Structures are given as C-alpha cells and as structure tokens.
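Notes to accompany the following structure.
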Amino acid sequence: MIDEAVHALRAQVEANGIRVAIGADAALTARFDRGQIVEVLLVLIANAVEAMPHGGTLAITAGAEAGAVWIEVRDSGAGIAPHQQARLFQLFATTKPTGTGLGLAVAKKIVERHGGRIAVASQPGAGSVFRIELPRG
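Using my numbering, the first residue of the sequence shown is number 1, and each one after it goes up by one.
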C-alpha cells in the first residue's frame with residue numbers, strides 16, 4: 001500500500017527533489033479497506049510533498065504493537081505551528097493558501113471508521129509526523 005501511494009505521487013516527489021525512505025515489515029497484516037487506507041496515505045504524502053517544495057526527506061514507516069498496525073509519514077518540511085495543529089483535522093481547516101481543508105478531515109473520518117486514530121506531531125522548522133493506528137483484527 002505504501003509503495004502504491006508513493007508511486008501514484010512519484011512525479012510530484014521527483015519534481016520537488018524529495019528523497020523517499022520506506023521502512024515497513026512486509027508481513028504486517030490487518031483488516032481494512034485497502035483503497036480507503038491508500039487514499040489516506042495519498043493525502044498524507046501529498047501534504048508532505050507540498051511542505052517540501054525545495055527538496056527534503058519523506059520517510060514512511062510501518063509496524064505493529066499492542067494489537068494495532070501503525071503507519072507514520074514523516075517529512076522534513078517547514079512544520080506546523082501549534083495553534084494550527086489543533087484544527088488540522090477539522091473540515092475546511094487548512095494551513096495552505098490554496099488548500100480546501102478537506103484532505104485531512106476526510107482522512108480522519110476514514111481512519112476512525114476503521115476503528116483507528118490519526119495524530120500529528122510537528123514543530124515549526126522541524127517537519128511533521130502523521131501517525132495512523134489501525135486495529136489488527
């Protein structure tokens with residue numbers, strides 16, 4: 001799924017000069033709608049690419065712990081101010097001048113419908129990490 005999402009956005013990744021690092025256990029399994037989780041990954045990766053218009057590193061990792069599968073999308077972009085983080089997952093909230101504020105709100109709904117959660121950790125100047133956790137069964 002991670003490879004599929006990265007491949008779909010390969011042109012934007014390459015145009016921005018972004019290095020991609022993927023670290024995931026190929027044996028990870030969980031029950032979810034593959035297409036919907038790929039959609040969530042597309043939103044997170046596209047946002048990360050937009051946060052690094054002049055290059056950087058996009059790291060996507062996945063693992064399992066405590067009955068859940070997790071996926072993290074980490075970028076080396078500009079980061080997100082704390083006051084903006086509180087609203088990121090709200091409908092029509094955006095940090096971009098041309099953003100619609102739909103992507104992360106829809107991603108959150110998809111993850112929650114799967115019984116999971118999504119969170120962000122970010123500091124201005126230090127990039128962002130978005131983490132998805134989904135139940136394994």
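From the three backbone atoms N, C-alpha and C, an ideal C-beta is built for every residue, glycine too.
Predicted, not measured: the structure shown is a model, and the values here were computed from it.
Just the C-alpha distance for residue i and residue j, rounded to the nearest angstrom, thanks.
i	j	result
H54	V111	30 Å
G116	E72	13 Å
A59	W70	14 Å
D3	V49	15 Å
T57	A15	13 Å
D25	P82	32 Å
Given that a residue counts as buried once 16 or more other Cβ atoms are within 10 Å of its Cβ, and exposed if not, what is residue i?
i	result
R11	Before going further, note that residue 11 is Ala rather than Arg in the sequence given. So A11 counts as exposed.
G77	buried
V33	What sits at residue 33 in the sequence shown is Asp, not Val. D33 is exposed by the Cβ-count criterion.
L44	buried
L104	buried
Inset, instruction - Go through the region 49-129 residue by residue and report every complete run of the beta strand (DSSP E) that reaches 3 residues or more, in order. - result: Whole beta strand (DSSP E) segments, 3+ residues: 56-65, 68-75 and 117-122.
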